[in-house]
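Notes follow the structure.
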Amino acid sequence: MRRFLPVPGDEPLDEVYADLDLPAGGARPHVYLGMVSSVDGSAVVDGRSTGLGGAGDRAAFGALRRTCDVILVGAGTVRQEDYRPPRAPEHVVARRSARGLAPRATIAVVTASGRLDPGSRLFADPTYRPVVVTSAATDVDHLAGVADVLRAGDAEVDLAGALAELAARGARRVLCEGGPSLNAALLRAGLVDELFLTIAPTLVGASAHRILDGVLPAPVDLELVELRAHDSELLLRYRVLPAVRGPDERPSGAEAPR
Ligand SMILES: NC(=O)c1ccc[n+]([C@@H]2O[C@H](COP(=O)([O-])OP(=O)(O)OC[C@H]3O[C@@H](n4cnc5c(N)ncnc54)[C@H](OP(=O)(O)O)[C@@H]3O)[C@@H](O)[C@H]2O)c1
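Whatever position you read off the sequence shown (first residue = 1), add 8 for our numbering.
As structure tokens, then:
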């Protein structure tokens with residue numbers, strides 16, 4: 009893996025993001041998105057993200073998971089990608105333990121409908137209890153035996169409230185693995201601190217998904233803080249900048265029309 013930013017150099021794949029020193033958050037956890045996109049902006053191939061990521065992306069994906077207390081994910085992604093509990097090989101447990109983290113991150117699934125199958129493989133491990141994040145209005149009785157339920161919001165899921173509750177339960181860093189609807193909702197609510205994005209060297213053409221599906225009230229500006237390349241994959245780490253401009257304003261330095 010070739011690193012260009014912040015300090016140029018070469019690093020082995022298993023050292024990518026190995027020394028990530030993410031802030032611990034406060035009233036809410038530090039929230040970072042981990043996503044992969046094709047060069048033409050598709051978040052899926054044949055309906056799944058797994059057709060995009062190569063070795064570099066897999067290394068980053070593993071490292072991002074090793075750093076978090078909670079993996080937040082939308083129910084659409086859980087259903088489409090048949091999520092399962094995180095694996096916990098010895099080297100991962102050792103690295104997590106060195107950071108003071110539990111052996112496995114907790115997967116927290118956000119759902120408005122409660123449409124999750126208690127028989128799916130996410131809920132099949134009796135030693136692992138995911139969290140289902142939903143509102144007071146949603147019936148999730150069918151999941152009570154296989155998951156902990158976190159309710160935030162009355163009619164709709166209150167994502168800020170859910171993150172505050174996760175912080176109260178000890179979560180300091182939350183990795184959001186999408187999908188695009190959840191990403192947009194989090195960004196709309198100003199709840200995202202960083203974006204880790206892999207650009208896969210692929211063109212997909214027409215696609216049902218980009219990394220964000222949903223309207224933002226104004227463009228969200230990003231600052232590039234790390235940049236790596238592995239074969240033809242690009243790994244980018246962006247910091248989300250505070251909202252400073254309205255929907256029709258241009259970014260600073262872009263006053264002249266293109
Ligand atoms: N390229 C990548 O890195 C990447 C990463 C993840 C996913 N994906 C792809 O994205 C596609 C899925 O897209 P998607 O937009 O459907 O994914 P999603 O955001 O995971 O799922 C949408 C569903 O999640 C729940 N949800 C999301 N935000 C919510 C909110 N604010 N409040 C309440 N519930 C909320 C709802 O579940 P209910 O329907 O249960 O109410 C909603 O229908 C899949 O094809 C997947 O492979 C790609």
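C-beta atoms are modelled at their ideal positions from N, C-alpha and C, and glycine is treated no differently. As the structure is a computational prediction, the values presented were derived from the model and not from experiment.
* Beta carbon of R159: closer than 7 Å to some heavy atom of ligand 1? -> no
* Distance between beta carbons of S189 and G82, contact taken as under 8 Å -> The C-beta distance from G82 to S189 rounds to 6 Å, short enough to fall under 8 Å.
* C-beta atoms of V212 and D65 nearer than 8 Å -> One thing to note: V212 has its Cβ no nearer than 8 Å to the Cβ of D65.
* To do: May I have the straight-line CA-CA distance separating S46 from D221, to the nearest angstrom?
  => 15 Å
* Pick from L242, D239, E234 and T146: whose alpha carbon is nearest that of P16? -> E234
* To do: For chain C, find out if any of its Cβ atoms is closer than 8 Å to the Cβ of V228; answer yes or no.
  => Although the question refers to chain C, the structure presented lacks it and comprises just one protein chain.
* So the beta strand (DSSP E) R247 belongs to, where does it begin and stop? -> E241 to V248
* To do: Give the range of the alpha helix (DSSP H) segment to which R73 is assigned.
  => First-last of the alpha helix (DSSP H) with R73: A63 to R74.
* Asked: Who are E231's beta bridge partners in DSSP?
  -> R247
* To do: For T146, count neighbouring Cβ atoms within 10 angstroms of its own Cβ and tell me buried if that reaches 16, exposed if not.
  => buried
* Asked: Between E98 and ligand 2, is the CB less than 7 Å from at least one heavy atom?
  -> With respect to small molecules bound, the structure shown includes ligand 1 and not ligand 2.
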